[in-house]
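Participant: Following this message is one structure expressed as structure tokens.
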Amino acid sequence: MTIETHARKRLEMIIEQPHLPQFIRLFEQQDVRGYTVLDSKSGKGSRGFWSPARLSSVDDRVMIVAVADEETIQRVLSELQALFEQLPGVAFVSDVQVIRPDRF
Amino acid sequence: MTIETHARKRLEMIIEQPHLPQFIRLFEQQDVRGYTVLDSKSGKGSRGFWSPARLSSVDDRVMIVAVADEETIQRVLSELQALFEQLPGVAFVSDVQVIRPDRF
Amino acid sequence: MTIETHARKRLEMIIEQPHLPQFIRLFEQQDVRGYTVLDSKSGKGSRGFWSPARLSSVDDRVMIVAVADEETIQRVLSELQALFEQLPGVAFVSDVQVIRPDRF
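Quick mapping for you: the protein sequence lines, in order, are chains F, L and A. The letter at position 19 of the first sequence is residue 18 when you use numbering that gives the first Met the number 0, and the numbering goes up by one with no holes. The letter at position 50 of the second sequence is residue 49 when you use numbering that gives the first Met the number 0, and the numbering goes up by one with no holes. The letter at position 91 of the third sequence is residue 90 when you use numbering that gives the first Met the number 0, and the numbering goes up by one with no holes.
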């Protein structure tokens, strides 16, 4: 028996912790119904290596994972293009399958 | 030279921390051989915004990532459909490639 | 309006915390320009169940997420095949889309 699944998009972002409210506001405005924020430990980006142990909490990074339908993610990406002109961060989009399509 | 890779499925779930044992048991029963549990910091789901800073530890969420062959993930999804009738949570499945197929 | 996106590869690894420098060195050598390290909470791998609460910090696991072009990820996978002969860990590769191709 094969379980029926439904195509959605998974958006993953790495951003700086102090800017989280601006990205959450964007999600709210574009009707992203669910997301999860994860702390990161260290990493490297376009501005070099970073680690909470070395730098101030201003430089802490978080990962945000959100899943939504393609149209919603397209709108979010459109807004992210503008937001990333002002704020550092990266965004990756991939295909996922969900079992409860009414949720996303 | 192109590295040979092998197709597997990646299952990502966001669930409430106190229910973790039930999901791990499901993995054991369905022969999921490896998984990783990550703490989350905050997020939003069908029951609204949550954050460990605001709510009791009962509301802490964790992310579980597991990779297995498609047949195994299909069995897990089938069981998850029933488990998600009782417990809150979301599940996303995506395609991944692995270099050591004997492990998954 | 559809946002233009560009195909890249997402590499996700679960490794033991004390070996992180060796994997970061591999990234540096292969010109991986960005990555993020996340702490894990517990999990199960080929050597059984592990959890920082139960075991020494030597057994702590981290997740590393890196995004790069396919050629770079192929070189990393080639080196990982050798490194995984000596060090425990797993690696998963998936397709992602990015909006700023100059970054990856």
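Built from N, CA and C at the ideal position, the CB exists for glycine as well. All figures in this text were calculated on a predicted structure; none of them were measured in a lab.
Would the beta-carbon of F/Val105 fall within 9 Å of that of F/Gln29?
Facilitator: Since the displayed chain F opens at 0 and closes at 103, residue 105 of chain F lies outside it and no answer follows.
Participant: From the DSSP output, in three-state form, read off F/Val104 for me.
Facilitator: What the structure shows of chain F is the stretch from 0 to 103, and residue 104 of chain F is not part of that stretch, so it cannot be assessed.
Participant: Are the segment 17 to 27 of chain L and the segment 0 to 8 of chain A touching by the rule of at least three beta carbon pairs closer than 8 Å?
Facilitator: Touching, no, given that fewer than three Cβ pairs across the two stretches are closer than 8 Å.
Participant: Quickly, what does DSSP pair A/Phe48 with across the bridge? List them, please.
Facilitator: Along the third sequence, one-based indexing puts residue 48 of chain A at 49. Partner(s): A/Lys43.
Participant: Of all the residues that make up the segment 71 to 101 of chain L, which are near chain A by a beta-carbon distance shorter than 9 Å?
Facilitator: Ser93, Asp94, Val95, Gln96, Val97, Ile98 and Arg99
Participant: Bridge partners of A/Leu86, per DSSP?
Facilitator: As a working note, residue 86 of chain A is residue 87 in the third sequence. Bridge partners of A/Leu86: none, in fact.
Participant: Since F/Arg9 meets chain L, which of its residues come closer than 9 Å, beta carbon to beta carbon?
Facilitator: Working through the first sequence from its first residue, we reach residue 9 of chain F at position 10. Result: Glu11, Phe91 and Ser93.
Participant: Considering only C-alpha positions, which residue in the set A/Gln16, A/Phe22, A/Pro17 and A/Thr1 is nearest to A/Phe83?
Facilitator: Counted from its first residue, the third sequence places residue 83 of chain A at position 84. When each option's Cα is compared against that of A/Phe83, the closest is A/Phe22.
Participant: Does L/Leu25 come within less than 9 Å of chain A when only Cβ atoms are used?
Facilitator: Position 26 of the second sequence, counted from the first residue, corresponds to residue 25 of chain L. Chain A contact via Cβ: absent.
Participant: In terms of DSSP beta bridges, what is A/Val64 paired with?
Facilitator: For the purposes of this step, residue 64 of chain A is taken as residue 65 along the third sequence, with counting starting at 1. Paired residues: A/Glu11 and A/Thr35.
Participant: Starting from L/Asp68, find everything on chain A with Cβ-Cβ shorter than 8 Å and list it in chain order.
Facilitator: The sequence position of residue 68 of chain L within the second sequence is 69, counting from 1. The contacting residues do not exist; L/Asp68 stays about 13 Å from chain A at best.
Participant: Looking at F/Leu86: is its Cβ nearer than 9 Å to the Cβ of F/Ile13?
Facilitator: Within the first sequence, numbered from 1, the residue matching residue 86 of chain F stands at position 87. Within the first sequence, numbered from 1, the residue matching residue 13 of chain F stands at position 14. No.
Participant: Under 8 Å, CB to CB, which of the residues in the segment 32 to 45 of chain L have a partner in chain F?
Facilitator: Leu37, Asp38, Ser39, Lys40, Ser41, Gly42, Lys43, Gly44 and Ser45
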